[in-house]
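S.K.: Below is one structure. I have some questions about it.
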Amino acid sequence: MTGPVSSAQWQPLLAEDMARVDAIAALVHAGLPERQAVLAQKRDLAPATCLKLVLAETIVGYGLAHPWMLGDVPPLDAFLTTLPPSPDCLYVHDVAILPQVRGRQAAARYVAILAAQARTLGIAHLACVSVYGTVGLWSALGFEAQDDPGLRAKLSSYGDSARYMTARI
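Numbering (my numbering), first residue to last: -6 to 162.
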């Protein structure tokens, strides 16, 4: 797929989009599988921060984020029991963009959307877990790696290269 940077747009992620999200997740995160129902629950809990990336009327990526607490990592492939009543971060659970569409600044645009949403909610931080050695990408987007020994057990389900990262917005 080709086209200018502006041709790929972030749009609301709908329930009927979840099969495509699952297919993209299977391609991009083959080593870190999650059930479609787990991903759908995140969308259901935080629809304003769960988006799809659309190019030429085709979903080519998605982003899932939800209110959460700094210093905590939701387990991979686990349902959330509830969102915190007073969150202090938006947790970027997943950004998955098909390889042929990368390099268009889509992840940066998604993070900017999340930062704006966080500000309207009175939240001053974003958090994520970098996987597959993507610390450089997240660092370029304003995130800093946090070395918290207390998170090592939770991070282990995300793979050997997992790093907890935060950004102040």
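Think of the CB as a built atom: it goes at the ideal place given N, C-alpha and C, for glycine as much as any other residue.
1) Which residue comes first and which comes last in the alpha helix (DSSP H) that contains Leu48?
2) Is it the case that the Cβ atoms of Ile116 and Pro67 are separated by a distance below 8 angstroms?
3) According to DSSP, is Thr166 helix, strand or coil?
4) Assuming Ala120 and Leu63 make a contact with CB atoms under 8 angstroms, what is their CB distance in whole Å?
5) For Arg28, which residues of its own chain have a beta-carbon under 8 angstroms away from its beta-carbon, when the five flanking residues on both sides are left out?
6) For Leu119, list the residues DSSP reports as bridge partners.
7) Helix, strand or coil: how does DSSP classify Gly56 here?
8) Cys82 and Trp61 look like a contact to me (Cβ under 8 angstroms); what is the Cβ gap, rounded to whole Å?
9) CB-CB under 6 angstroms to Val104, same chain, minus the five flanking residues each way: which ones, in chain order?
10) Suppose contacts are defined by Cβ-Cβ distances below 8 angstroms. Is Gly56 in contact with Gly152 by that definition?
11) Answer with yes or no whether the minimum CB distance from Tyr84 to chain C is below 8 angstroms.
12) Taking the C-alpha atoms as reference points, what is the distance between Ala18 and Pro26?
13) Which residue or residues does DSSP assign as beta-bridge partners of Val88?
14) What is the DSSP secondary structure of Ala138, counted as helix, strand or coil?
15) In whole angstroms, what is the alpha-carbon distance linking Val94 and His22?
M.R.: If we stick to the structure as given:
1) First-last for Leu48: 44 to 48, but that is the beta strand (DSSP E), not the alpha helix (DSSP H).
2) Contact: no.
3) Since the first residue of the chain shown is -6 and the last is 162, residue 166 is not available in this structure.
4) Here Ala120 really is in contact with Leu63; their C-beta atoms are around 6 angstroms apart, less than 8 angstroms.
5) Excluding positions up to five away in sequence, the list reads Asp70.
6) Under the DSSP definition of a beta bridge, Leu119 partners with Leu83, Ala160.
7) Note: Gly56 maps to strand in three-state DSSP.
8) The pair is a contact, with the Cβ atoms about 6 angstroms apart (cut-off 8 angstroms).
9) Correct list, in chain order: Leu134.
10) Against a cut-off of 8 angstroms, the Cβ pair of Gly152 and Gly56 comes out as no contact.
11) Going by chain labels, chain C is absent from the structure shown, which holds only one protein chain.
12) Taking the straight line joining both Cα atoms gives about 7 angstroms.
13) Answer is Gly56, bridged to Val88.
14) In the structure shown, Ala138 sits in a strand (DSSP, three-state: E or B).
15) Going by C-alpha positions, Val94 is about 16 angstroms away from His22.
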